[in-house]
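Protein chains in written order, with our numbering: chain E, 203 to 269; chain R, 6 to 703.
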Amino acid sequence: MKPKLDPWRIALFIVAFACLAGYAYIEARGVAFGGRVAPERVTAEQLRSSRSGSSTFIYWAHGSRGK
Amino acid sequence: MSVAQHMRCTHCGADVEVASALSLVVTCGHCNTLLLRTDVEPEDLGRVALPVQLATRFQRGTEGTYNGVPFTVRGRLQLDHGAGPWNEWAAERADGEWLWIAEAQGELYVFGEAPLTGEAADAARGAAARFPRDLEALHESDLRAGAQLRLGTQTWLVCEVGRGTVLTCDGELPVRPPVGTQTRYVDLGRGERSVATLDLTRAEPELLTGKRVTVDELGLDPATQPEAAATRIEAIRVRCPECDGELVIHDPAHALRVACEHCHAILAPEDGRGAAGAETPPPRRRKGGGVQGLMAGAPKAGPAAGAPKGSAAAGQRLFALLEAQAKVQPRSPIALGTQGTLRGESVTVIGAMQRRVRAGGTWYPWRELLLRRDDGGYWWLVESAGHWALARPIAPAAIEATAAEARLGQVTFRHFTGGKAEVHWVLGEFYWRVGSGDMSTVADYVDPKRARGVSVERTPTELACTSLEHLAGSEVSAAFDLNGALPEPVGVGMLQPNPSRPREAWNVALATLCALIMLRVVFGAMHANEVVYDQDLGPAPATTDAETIDLTEPFELRQARANVRIELTSPGIAQGWLGLTGALVDERTGVVTTFATEAQRYSGVSGGESWSEGRGKGTTLVGSVPSGLYRMRLAVQGYDSGLGRNYHVRVTSQVPRTLWAFLMSLPVALFALVATIRWARFEALRWRDSDHPWGESE
Numbered sequence: 203m204k205p206k207l208d209p210w211r212i213a214l215f216i217v218a219f220a221c222l223a224g225y226a227y228i229e230a231r232g233v234a235f236g237g238r239v240a241p242e243r244v245t246a247e248q249l250r251s252s253r254s255g256s257s258t259f260i261y262w263a264h265g266s267r268g269k
Numbered sequence: 006m007s008v009a010q011h012m013r014c015t016h017c018g019a020d021v022e023v024a025s026a027l028s029l030v031v032t033c034g035h036c037n038t039l040l041l042r043t044d045v046e047p048e049d050l051g052r053v054a055l056p057v058q059l060a061t062r063f064q065r066g067t068e069g070t071y072n073g074v075p076f077t078v079r080g081r082l083q084l085d086h087g088a089g090p091w092n093e094w095a096a097e098r099a100d101g102e103w104l105w106i107a108e109a110q111g112e113l114y115v116f117g118e119a120p121l122t123g124e125a126a127d128a129a130r131g132a133a134a135r136f137p138r139d140l141e142a143l144h145e146s147d148l149r150a151g152a153q154l155r156l157g158t159q160t161w162l163v164c165e166v167g168r169g170t171v172l173t174c175d176g177e178l179p180v181r182p183p184v185g186t187q188t189r190y191v192d193l194g195r196g197e198r199s200v201a202t203l204d205l206t207r208a209e210p211e212l213l214t215g216k217r218v219t220v221d222e223l224g225l226d227p228a229t230q231p232e233a234a235a236t237r238i239e240a241i242r243v244r245c246p247e248c249d250g251e252l253v254i255h256d257p258a259h260a261l262r263v264a265c266e267h268c269h270a271i272l273a274p275e276d277g278r279g280a281a282g283a284e285t286p287p288p289r290r291r292k293g294g295g296v297q298g299l300m301a302g303a304p305k306a307g308p309a310a311g312a313p314k315g316s317a318a319a320g321q322r323l324f325a326l327l328e329a330q331a332k333v334q335p336r337s338p339i340a341l342g343t344q345g346t347l348r349g350e351s352v353t354v355i356g357a358m359q360r361r362v363r364a365g366g367t368w369y370p371w372r373e374l375l376l377r378r379d380d381g382g383y384w385w386l387v388e389s390a391g392h393w394a395l396a397r398p399i400a401p402a403a404i405e406a407t408a409a410e411a412r413l414g415q416v417t418f419r420h421f422t423g424g425k426a427e428v429h430w431v432l433g434e435f436y437w438r439v440g441s442g443d444m445s446t447v448a449d450y451v452d453p454k455r456a457r458g459v460s461v462e463r464t465p466t467e468l469a470c471t472s473l474e475h476l477a478g479s480e481v482s483a484a485f486d487l488n489g490a491l492p493e494p495v496g497v498g499m500l501q502p503n504p505s506r507p508r509e510a511w512n513v514a515l516a517t518l519c520a521l522i523m524l525r526v527v528f529g530a531m532h533a534n535e536v537v538y539d540q541d542l543g544p545a546p547a548t549t550d551a552e553t554i555d556l557t558e559p560f561e562l563r564q565a566r567a568n569v570r571i572e573l574t575s576p577g578i579a580q581g582w583l584g585l586t587g588a589l590v591d592e593r594t595g596v597v598t599t600f601a602t603e604a605q606r607y608s609g610v611s612g613g614e615s616w617s618e619g620r621g622k623g624t625t626l627v628g629s630v631p632s633g634l635y636r637m638r639l640a641v642q643g644y645d646s647g648l649g650r651n652y653h654v655r656v657t658s659q660v661p662r663t664l665w666a667f668l669m670s671l672p673v674a675l676f677a678l679v680a681t682i683r684w685a686r687f688e689a690l691r692w693r694d695s696d697h698p699w700g701e702s703e
């Protein structure tokens with residue numbers, strides 16, 4: 203008997219396809235939920251001069267942590 | 006085939022053509038005199054009635070081929086066992102043998118005479134001796150419907166026990182028909198198609214055996230069949246003797262009861278066949294096209310046949326008041342006379358009844374609509390709380406039913422409900438002697454997965470089985486063009502398909518997981534999973550208010566928008582933690598991506614039990630990092646009993662996400678879990694109204 207493509211079955215296959223597509227997207231685009239891009243760019247000098255207690259963007263990006 | 010002979014009717018002198026050299030009697034087509042062929046002049050056996058016009062596929066001269074042997078229809082008997090007349094056609098085979106083809110309620114049966122010898126003959130004589138004078142006493146007999154009857158080496162199921170009448174005949178027959186004689190018969194079945202009739206009319210029982218066949222199996226020549234128009238029976242209009250309202254009788258040849266739509270009085274035909282108090286008990290509904298054969302009992306010599314009772318032309322039949330249904334308000338869910346096309350068959354709603362069973366002091370009613378198909382067969386539409394099912398007759402012997410389950414072919418059905426069903430009210434016309442208060446024992450079995458079921462009903466005289474098939478209300482509405490004017494379904498129907506299919510959902514979930522694992526393997530092969538930085542650093546500060554800053558050597562991330570894993574390990578840490586606040590700095594663009602992780606390890610003894618916490622390791626994954634030349638700034642804080650520990654940092658690019666392969670299967674698994682819960686709730690509602698509600702011990 204030919205299976206009927208009822209809404210329930212359509213929903214099931216949409217969910218299954220979304221799972222496969224989601225995983226493929228995560229792998230292909232390197233998606234991870236860690237890391238944060240700082241709001242400003244840094245020069246090599248700024249990088250070297252950045253120290254604890256300073257207000258450089260690196261610390262700003264991390265909020266209060268590390269201060 | 007034979008060359009036609011001619012003889013002169015001894016009654017009217019008309020020329021009578023005789024096509025078969027082997028026929029014993031022939032009916033004069035001019036005066037309906039039954040003529041017995043002899044060596045000299047034919048003997049006048051008396052006049053017989055004109056047969057009632059019935060929907061049929063046969064006529065004299067119809068040719069076909071059964072089991073590879075050609076045959077020609079020569080004549081017919083018309084019989085009645087109390088459920089309206091039907092035809093049994095006598096067909097002469099090319100090898101000189103005769104077949105009997107019975108047409109009963111749209112079903113076809115082919116019979117041949119079977120000799121009764123030895124133990125089978127003894128068993129048949131025993132059955133004849135046990136045949137009760139009063140059929141009501143059958144429930145105490147081992148000859149009742151549903152019992153097993155062993156004839157020689159074969160065991161048969163008793164499907165019906167009763168008395169009948171040979172109404173009339175026409176054409177040529179190989180036997181002398183006992184027209185007008187009351188007969189005694191036991192209809193038998195074995196398996197889905199084998200049928201037999203044990204005729205106990207005469208002193209010596211006789212047996213006809215055969216099987217249910219399809220039209221195709223008879224290989225009928227369309228050129229020799231009756232015109233299509235002749236197979237359709239015209240409705241008649243009569244007046245109700247109680248209220249003088251006009252009634253349309255759609256199936257006049259078979260209407261043994263008519264319940265007036267206007268005053269609800271139950272009427273019976275005045276020709277006597279359906280009269281109250283007739284000797285044969287009321288046959289039950291949904292007759293499975295039982296064998297109904299009588300020819301084994303047809304005497305080959307005997308008194309002249311007279312005109313049978315009840316032979317009035319259908320269109321002239323009148324009806325008399327039998328019973329008033331004063332205390333009920335019958336209302337058919339679909340108006341009587343409504344025509345429609347259901348499952349490819351043209352049908353007409355000709356009757357409706359409400360039946361009910363009583364359980365726990367409560368009546369549980371349902372309605373059944375009698376549908377007449379154009380080919381003369383009957384179906385039923387069953388409506389219960391707005392849920393619909395199509396009921397079609399099946400051979401009782403095809404079902405093996407117990408209290409717990411019933412088997413039909415390879416399908417097993419679970420018992421759902423059972424009990425004594427009472428006819429509450431009737432409306433319209435019926436082909437058996439139905440009346441309010443009629444009782445039968447009913448057992449319904451279901452296979453919810455297939456939305457199908459079987460119903461087994463029995464009285465002492467008859468066993469009848471039907472297959473049940475769920476119909477959506479929309480399908481019923483469309484079949485009869487009702488524009489949705491049907492009762493709304495309440496609760497869950499006995500056969501209603503469960504919209505949730507957990508097994509299918511779990512299969513899809515498993516297939517999705519397998520596909521995800523395959524994708525993981527593919528991406529594992531595609532991803533470099535390359536360690537781009539791997540260095541020992543330190544020591545970390547010994548106090549929490551201090552911080553060390555390290556700038557790493559540059560390293561390259563070759564794959565654009567790949568993830569990057571940073572692992573911090575401090576193998577020497579014993580009682581403390583190490584926090585790393587880092588930044589990936591693209592040396593060419595100055596874009597900074599920050600991250601943080603920490604490693605810790607604590608251990609001790611508490612209550613005599615040693616414990617530990619942390620592994621001295623921390624990991625973080627940074628997503629979609631652009632390709633380029635990178636340097637890391639690492640700010641480290643820590644504390645470990647006043648000691649500054651060394652630590653190790655490793656950076657890996659393009660890391661496959663095994664965990665996510667499994668995590669992404671969870672939504673489908675969740676779908677399947679929800680489907681399982683919904684399925685269980687639906688089934689609990691379905692079985693709540695059964696004899697086996699979920700959660701109750703049996």
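Idealized CB from N, CA, C, for every residue including glycine.
Scanning D256/R, L542/R, W511/R for the CA closest to the CA of L214/E turns up W511/R. Counting other Cβ atoms within 10 Å of its Cβ, S611/R stays below 16 and is therefore classed as exposed. Counting other Cβ atoms within 10 Å of its Cβ, Q153/R stays below 16 and is therefore classed as exposed. By the 16-neighbour rule on beta-carbons within 10 angstroms, E93/R is buried. Assigned with DSSP and collapsed to three states, M669/R falls in coil, not helix or strand.
Beta-bridge pairing by DSSP links K216/R to V115/R, S199/R.
I578/R carries a coil assignment under DSSP once its states are collapsed to helix, strand and coil. Burial of H475/R is indicated by the presence of at least 16 other C-beta atoms within 10 angstroms of its C-beta.
Straight-line spacing of the CA atoms in A394/R and G423/R works out to 17 angstroms. By the neighbour-count criterion, in which 16 or more other beta carbons inside 10 Å mark a residue as buried, S460/R falls on the buried side. Taking a 10 Å sphere around the C-beta of A530/R, we find fewer than 16 other C-beta atoms and assign the residue as exposed. Of the candidates H259/R, C248/R, Q230/R, the residue whose Cα lies closest to the Cα of I241/R is H259/R.
With a 10 Å radius around the Cβ and a threshold of 16 neighbouring Cβ atoms, M444/R comes out exposed. Distance from the CA atom of V23/R to the CA atom of R262/R, rounded to whole angstroms, is 39 angstroms. CA-CA distance, M358/R to S337/R, rounds to 8 angstroms.
At least 8 angstroms separates the beta-carbon of A230/E from that of N568/R. Measuring C-alpha to C-alpha distances from G391/R to each of T77/R, A490/R, W384/R, R655/R identifies A490/R as the nearest.
Burial check for G167/R: the Cβ neighbour count within 10 Å reaches 16 or more, so the residue is buried. Per DSSP, the beta bridge partners of E251/R are R244/R. Distances from the CA of V656/R to each of Q580/R, D694/R, Q540/R were compared; the closest alpha carbon is that of Q540/R. Exclusion of the five residues before and after P544/R leaves G649, R650, N651 as the residues of its chain whose Cβ lies within less than 7 angstroms of its Cβ. Taking CB atoms only, P661/R has a neighbour in chain E less than 8 angstroms away.
Per DSSP, the unbroken alpha helix (DSSP H) holding D127/R starts and ends at 123-135. For a Cβ distance threshold of 8 angstroms, residue set A234, F235, G236, G237 of chain E lies close to L626/R, ordered along the chain. Within the stretch 435-453 of chain R, no residue places its CB atom closer than 9 angstroms to a CB of chain E. Three or more pairs of CB atoms, one per stretch, sit closer than 8 angstroms, so the stretch 518-525 of chain R contacts the stretch 664-677 of chain R.
Ranked by how close their Cα comes to the Cα of S646/R, the residues C268/R, G619/R, S575/R, T548/R have T548/R in first place.
The C-beta of R686/R comes no closer than 8 angstroms to any C-beta of chain E.
In this structure, the CA atom of R397/R is about 11 angstroms from the CA atom of G458/R. Taking 8 angstroms as the cut-off, the Cβ atoms of I254/R and V431/R do not count as close.
Going by beta carbons, E462/R and A469/R fall inside the 8 angstroms limit.
When secondary structure is reduced to three states using DSSP, K425/R falls in the strand class. With contact defined as three or more Cβ pairs closer than 8 angstroms, the stretch 599-616 of chain R and the stretch 667-687 of chain R are not in contact.
Residue pairing for N488/R: DSSP places it in no beta bridge.
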